[in-house]
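Novice: Number 394 in the numbering used here belongs to position 394 of the sequence shown; there are no gaps in the numbering.
The beta-carbon is built from N, C-alpha and C at its ideal position, and this holds for glycine as well.
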Amino acid sequence: MAQLQKRRREFLKFLAASPLLTLSSRLLAEETLEALEIPGYLIDKPEEALDIFDFHTVAKHRLPPAHYGYLTTGTDGNETLSANRRAFDDYYLRPMRMVDTREVSLRTSLLGQELDSPIILAPVGSQGAFHSDAELASARAARKQRHLQILSNVASNPIEDVIAARGAPVWFQLYPTNQWSTAKMMLERAEAAGAPVVVLTVDLNAGSNRVLLEQYIRIDDRDCSACHGNGTVEDFLRMNPMYEGSRVTFADFDTSGMTWDYLKRIREVTSMKIVVKGVVTREDAASAVAAGADAVYVSNHGGRAEASGWGALESLPQVVEAVNGAVPVMVDSGFRRGTDIFKALALGADAVGIGRAYIWGLAAFGQSGVEKVLEMLKAELRMVMSQVGATSIDQISAMHLGTRK
Ligand SMILES: Cc1cc2nc3c(=O)[nH]c(=O)nc-3n(C[C@H](O)[C@H](O)[C@H](O)COP(=O)(O)O)c2cc1C
């Protein structure tokens, strides 16, 4: 913190000249929502973090504007992004006193896998945009802190290398293409690499209007062609090693014709378990179970799918109700604190994914940043559990929550 004063002066100077100030009110609303920015306040190392937002501030400082925009953006006016955070305010804790909580365990299991905690690393693509060690740094941190990691199929590192870095199988997330041979090739490759589960993302089939990303791209004056090339498919393949060997074209990414039959096709070519990610309604939860999903993953893509204005935590109860214990329910979108995670568990989620939270750690400090984020979220969750009187994950129940709705 020694350099804090100097940084503060530099930051104020930067702020005064910054084109960021001229950006739309949407951006400013997003800023206040996501990061409590005190001018000049930046931590120098992970150990100094007070909460995970300290990593956000450093990430924002370090990342090129376009990459920060990619990380931060929602859709339209960021309505869903805001709703994700707001939804946590609708629930309050109901602490039970005088419980012996000297021993608190976060251990749980998911799809037959023993987990040290219900906090998992959600699939985040293109992590090379945030740190040169990309998904390998996240995997090493997940290994050290013993978390389940889901790898995106648009990862900067191939699954074989990520599994080696994790020291255990990761789950594989698949964005469908309308070219079945590409999906089949990836499924076979992921299974051969040791992934026990495929997570099919179903919430981006018709595109999303990422205004905030475009705004940040406009203020980024770097020449991006060295990494991104000229936007050809060859450039895309170079940056996305999981597509190696495919003959995919951009038109193949139009999956607006995908229906629940897609699950059956996946089932025919793989024995991996299938998780459906992106479900937010009771209707789709029931359809996913009927189509043979092994788990349902509530997510609005961190507010990046559609501007529904509906927070993931608000969607969770109806999905839990519709699934009715048939399969596990996972959730992500907007989780930033142990208290948030606790609320989802109390509403019936079996596991909680974090996205931007660990990427802030990655962008700020690489592997050690991710490690610290994971460590902090676990410590926060443990503290909440102690406070409310729950000593294990299965003791967390609806009794521990009240609602203002
Ligand atoms: C930069 C970024 C990239 C993402 N890439 C993917 C992806 O490749 N596949 C996927 O299913 N979800 C992707 N997501 C969504 C995450 O899996 C997760 O649903 C979301 O980040 C959770 O919200 P949170 O960031 O508020 O925690 C991405 C999210 C972000 C922020």
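With hydrogens ignored, establish whether the beta-carbon of V248 is closer than 7 Å to any heavy atom of ligand 1.
Specialist: No, since every heavy atom of ligand 1 falls outside the 7 Å radius drawn around the Cβ of V248.
Novice: Is the beta carbon of N157 less than 8 Å from the beta carbon of E191?
Specialist: For N157 and E191, no; Cβs fall outside 8 Å.
Novice: For the candidate residues Q179, Y92, P241, N240, whose alpha-carbon lies nearest to that of Y262?
Specialist: Checking every option, the nearest Cα to that of Y262 belongs to Q179.
Novice: Out of M185, A66, H400, which one is the CA nearest neighbour of L213?
Specialist: Ranking the options by Cα distance to L213, first place goes to A66.
Novice: Three-state secondary structure (DSSP) at G353?
Specialist: In the structure shown, G353 sits in a strand (DSSP, three-state: E or B).
Novice: Does the Cβ of H400 lie closer than 7 Å to at least one heavy atom of ligand 1?
Specialist: Flag unset: Cβ of H400 not near ligand 1.
Novice: Measuring only the C-alpha atoms, how far is L347 from E314?
Specialist: Cα to Cα, the separation comes out at about 10 Å.
Novice: In chain order, what are the residue ranges of uninterrupted alpha helix (DSSP H) at least 4 long that sit wholly in the segment 118-191?
Specialist: Runs found: 134-145, 159-166.
Novice: Going by C-alpha distance, which of R218, D235, I219 is nearest A226?
Specialist: It is D235 whose Cα lies nearest to the Cα of A226.
Novice: Using only CA atoms, which one of M383, E371, N230, S392 lies nearest to R146?
Specialist: For the residues M383, E371, N230, S392, the minimum Cα distance to R146 belongs to E371.
Novice: How many angstroms separate the CA atom of S82 from the CA atom of L316?
Specialist: Cα to Cα, S82 sits roughly 17 Å from L316.
Novice: What is the rounded straight-line gap between the Cα of T80 and the Cα of M239?
Specialist: Each residue's Cα considered, the two are about 29 Å apart.
Novice: Does DSSP put S299 in a helix, a strand or coil?
Specialist: Coil at S299, not helix or strand.
Novice: Below 7 Å, is the gap between the Cβ of R304 and the nearest heavy atom of ligand 1?
Specialist: Checking the Cβ of R304 against ligand 1 gives yes.
Novice: Is A192 near ligand 2, in the sense that its beta carbon is under 7 Å from a heavy atom of that ligand?
Specialist: Judged by which ligands are present, ligand 2 is missing from the structure shown, whose ligands are ligand 1.
Novice: Would you mind sorting N300 into buried or exposed? The rule is 16 or more other CB atoms within 10 Å of its CB.
Specialist: Flag for N300 reads buried.
Novice: Could you check the C-alpha separation between V197 and V211 for me, to the nearest Å?
Specialist: In a straight line, the C-alpha of V197 is about 33 Å away from that of V211.
Novice: Starting from K372, follow the alpha helix (DSSP H) in both directions and report where the run begins and ends.
Specialist: Element bounds for K372: 367-388.
Novice: Tell me the rounded alpha-carbon separation between F365 and G207.
Specialist: Cα-Cα distance, rounded: 32 Å.
Novice: If you drop the 5 nearest sequence neighbours on each side, which residues of the same chain put their C-beta closer than 7 Å to that of A288?
Specialist: Excluding sequence neighbours, A288 sits near V276, V279, V296.
Novice: Could you tell me if the beta carbon of P123 falls within a distance shorter than 7 Å of some heavy atom in ligand 1?
Specialist: Yes; taking the cut-off as 7 Å, the Cβ of P123 has a heavy atom of ligand 1 nearer than that.
Novice: Taking the alpha-carbon positions, what's the I219 to Y243 distance?
Specialist: Cα-Cα distance, rounded: 31 Å.
Novice: What's the C-alpha gap between V373 and G229?
Specialist: Taking the straight line from one Cα to the other gives about 33 Å.
Novice: Within 10 Å of its beta-carbon, does I38 have 16 or more other beta-carbons around it, so buried, or fewer, so exposed?
Specialist: Exposed, because fewer than 16 other Cβ atoms sit within 10 Å of the Cβ of I38.
Novice: Would you kindly work out how many angstroms separate the C-alpha atoms of V388 and Y92, rounded to a whole number?
Specialist: If you take the alpha carbons of V388 and Y92, they lie about 11 Å apart.
Novice: Near R282, which residues of its chain fall below 6 Å by C-beta distance, leaving aside the five closest residues on each side in sequence?
Specialist: Excluding positions up to five away in sequence, the list reads Q318, A322.
Novice: Are the beta-carbon atoms belonging to M383 and G338 less than 8 Å from one another?
Specialist: Yes, the Cβ-Cβ distance between M383 and G338 is below 8 Å.
Novice: Just checking, does the segment 107-118 make contact with the segment 127-143 on the three C-beta pairs under 8 Å criterion?
Specialist: The segment 107-118 is not in contact with the segment 127-143.
Novice: With DSSP collapsed to three states, give me the class of L347.
Specialist: DSSP places L347 in coil when its eight states are reduced to three.
Novice: Leaving out the 5 sequence neighbours to the left and right, which residues in its chain are closer than 8 Å to Q149 when beta-carbon positions are compared?
Specialist: Closer than 8 Å at Cβ, skipping near neighbours: I120, L121, S138, A139, A142, V162, R166, V170, W171.
Novice: Could you name each continuous alpha helix (DSSP H) segment of 4 residues or more that falls completely within the segment 278-337, going from the start of the chain to the end?
Specialist: The segment 278-337 contains these whole alpha helix (DSSP H) runs: 282-290, 312-323.
Novice: Quick check: is any heavy atom of ligand 1 less than 7 Å from the C-beta of G334?
Specialist: Answer for G334: yes, Cβ within range of ligand 1.
Novice: Taking G257 as the reference, which of D203, Y216, S246, D294 has the closest Cα?
Specialist: That would be D203, whose Cα lies nearest to the Cα of G257.
Novice: Of the residues H56, Q367, L71, L381, which one's Cα is nearest the Cα of Y411?
Specialist: In the structure as shown, the chain begins at 1 and stops at 405. Residue 411 is therefore absent and cannot be evaluated.
Novice: From A193 to R97, what does the alpha carbon distance come to, in whole angstroms?
Specialist: Using only the alpha carbons, I get a separation of about 48 Å.
Novice: Rounded to whole angstroms, what is the Cα-Cα separation between A49 and A344?
Specialist: C-alpha separation (whole angstroms): 24 Å.
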